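Accompanying notes for the structure given below.
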Amino acid sequence: MSSDISFDFTKKSPIDETFRVSKIRSAFDYQNKESEEHFKGEIVLPEKWQIGAIVGASGTGKTSIANKLFEKEINQKYEYTHASVIDDMPSECSVEDITKMFYAVGFGSVPSWLKPFSVLSNGEKMRVELANRLLRNELSIFDEFTSVVDRNVAKTMCIATKKTMQKMPSKKLVVVSCHYDILEWLQPDWVFDTNEYRSFFGQSHDLSRNTRFGEWQEEHGKCLGSIII
30 MSSDISFDFT KKSPIDETFR VSKIRSAFDY QNKESEEHFK GEIVLPEKWQ IGAIVGASGT
90 GKTSIANKLF EKEINQKYEY THASVIDDMP SECSVEDITK MFYAVGFGSV PSWLKPFSVL
150 SNGEKMRVEL ANRLLRNELS IFDEFTSVVD RNVAKTMCIA TKKTMQKMPS KKLVVVSCHY
210 DILEWLQPDW VFDTNEYRSF FGQSHDLSRN TRFGEWQEEH GKCLGSIII
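Going by this note's numbering, the first residue of the sequence shown is number 30, and it counts up by one from there.
This is how it looks when you write it as structure tokens:
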């Protein structure tokens, strides 16, 4: 993807005609036969990028937009059926490649490598999922990024992921999250904020069409820290 991404779509969901639904319709004079949400915007991309982020509060359309734009990548589901997660990683990858990736995403517990996925902690599962996606794909989409870990672990993961991506220039990663603190730690090349449907760049990219993180912070009071790409 080398150009900006525009989207304009409507998400519709039929409303089931149950007794409770009828009571709500009557109480609030709601006659629509289906719920409808409209999403329209443009994600402005720098000429070269590796990491992008879609952030915003719950219910602002982050996942819907990611699903629309990256349907194939975001809906990839991996089965973890082996007795150890290291055997769940891609068969074409060497043990050295896998262990390097585990370390790179902050999953450095050798005993945990030898456990089945089902018994890992939520934080460990997230690291394994991230490692698996990065090993398999040129473009990886990760929804609910860092949502299941505490913020200290999230910071460590973001910093590790940034360093890892810099060593793999052919790879791209887009994260979707309700947490703005990841922007300081992950230092993405571009951000799309669904609270305001606006795009932002890191400092080193062409800013002629866009707003910098620092200007956004001044205007909206978001604490992003120092963004250095």
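Ideal Cβ placement from N, Cα and C applies to all residues, glycine included. These numbers were taken from a predicted model, which means no experiment stands behind them.
Give every residue of the same chain whose Cβ lies closer than 8 angstroms to the Cβ of residue i, excluding the five residues on either side of it in the sequence, and list them in chain order.
i: Ala95; result: Ile83, Ile103, Ile170, Asp172, Val203 and Val205
i: Phe136; result: Trp142, Glu153, Arg156, Val157 and Ala160
i: Val134; result: Arg156, Leu159, Ala160, Leu163, Met186, Ala189, Thr190 and Thr193
Quick one: give me the first and last residue of the alpha helix (DSSP H) that residue i is part of.
i: Ala82; result: Looking at the DSSP string, Ala82 is not in any alpha helix (DSSP H); the run it does join, the beta strand (DSSP E), is Ile80 to Val84.
i: Pro140; result: Val139 to Trp142
i: Phe101; result: It should be noted that the sequence gives Lys, not Phe, for residue 101. It spans Glu100 to Ile103 - the alpha helix (DSSP H) in which Lys101 sits, taken as one unbroken run.
For residue i, which of helix, strand or coil comes out of DSSP?
i: Lys52; result: helix
i: Thr92; result: helix
i: Ile127; result: helix
i: Ser228; result: strand
i: Thr39; result: strand
i: Ile34; result: strand
i: Leu159; result: helix
i: Ala133; result: helix
i: Ile115; result: helix
Tell me the residue span of the beta strand (DSSP E) that contains residue i.
i: Glu66; result: Glu63 to Ile72
Contact check, residue i vs residue j under 8 angstroms by CB: the rounded distance?
i: Gly88; j: Asn224; result: Not really, about 10 angstroms apart at Cβ, beyond 8 angstroms.
i: Lys196; j: Gln79; result: 11 angstroms between Cβ atoms; not a contact.
Near residue i, which residues of its chain fall below 7 angstroms by C-beta distance, leaving aside the five closest residues on each side in sequence?
i: Tyr107; result: Asn161
i: Tyr59; result: Ile53
Starting from the C-beta of residue i, find all residues in its chain whose C-beta is less than 6 angstroms away, skip the five residues before and the five after it, and write them out in chain order.
i: Pro145; result: Ala112
Could you name each continuous alpha helix (DSSP H) segment of 4 residues or more that falls completely within the segment 165-221, going from the start of the chain to the end?
-> 180-195 and 210-215
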